[in-house]
Amino acid sequence: MRIITFKRIKEFSTTHPDAGAQLCRWFHITESNTWNNLNDIKNIFPTVDYVGNNRYVFNIKGNDYRLVAIIIFASKKVYIRFIGTHSEYEKTDCKNI
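Numbering (our numbering), first residue to last: 101 to 197.
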């Protein structure tokens with residue numbers, strides 16, 4: 101999968117260094133796979149949730165952080181739309197970000 105953009109991970113990791121290693125792990129695993137549907141993602145990230153509008157929510161570092169990505173299976177692209185704490189995520193309308 102092609103991830104757009106690593107910059108969000110880098111920026112978030114500077115303010116939340118404890119999430120850096122897990123975010124980099126998520127990035128490298130995602131980049132090295134080819135997904136065609138939600139089941140393909142769940143084989144690698146069993147806790148991923150589909151929340152509608154092509155948005156998928158990944159738990160990072162247990163459940164301390166959340167990453168919301170738009171995944172377009174046809175073009176094999178992943179757009180990182182949000183990375184935040186669990187409490188920040190609860191205040192976000194992730195279907196529209």
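Each residue gets a CB set at the ideal place from its N, CA and C atoms; glycine is no exception.
So the alpha helix (DSSP H) residue i belongs to, where does it begin and stop?
i, result
"Ile109", "106 to 115"
"Phe127", "120 to 131"
Could you give the distance in angstroms between the alpha-carbon of residue i and the alpha-carbon of residue j?
i, j, result
"Ile197", "Phe182", "7 Å"
"Ile180", "Leu123", "11 Å"
"Tyr107", "Ala119", "Reading off the sequence, residue 107 comes out as Lys, not Tyr. Distance between the alpha carbons of Lys107 and Ala119 is about 14 Å."
"Arg166", "Ala174", "24 Å"
"Lys195", "Val151", "6 Å"
"Arg198", "Glu190", "Absent from the structure is residue 198, since the part of the chain shown begins at 101 and ends at 197."
"Lys161", "Pro146", "14 Å"
The beta strand (DSSP E) spanning residue i covers which residue range?
i, result
"Ile144", "Note, Ile144: premise wrong, no beta strand (DSSP E); alpha helix (DSSP H) at 138 to 144."
Give me, in chain order, the residues of the same chain whose beta-carbon lies closer than 8 Å to that of residue i; leave out the 5 immediate sequence neighbours on both sides.
i, result
"Ile104", "Lys177, Val178, Tyr179, Ile180"
"Phe127", "Ile103, Phe106, Ile109"
Based on the DSSP output, what are the partners of residue i in its beta bridges?
i, result
"Thr185", "Tyr165"
Near residue i, which residues of its chain fall below 6 Å by C-beta distance, leaving aside the five closest residues on each side in sequence?
i, result
"Phe199", "Here the chain covers residues 101 to 197 and nothing more, so residue 199 does not appear."
"Asn159", "Thr147"
Among residues of its own chain, excluding the 5 on either side of residue i, which ones have a beta-carbon nearer than 7 Å to its beta-carbon?
i, result
"Glu131", "Met101, Ile103"
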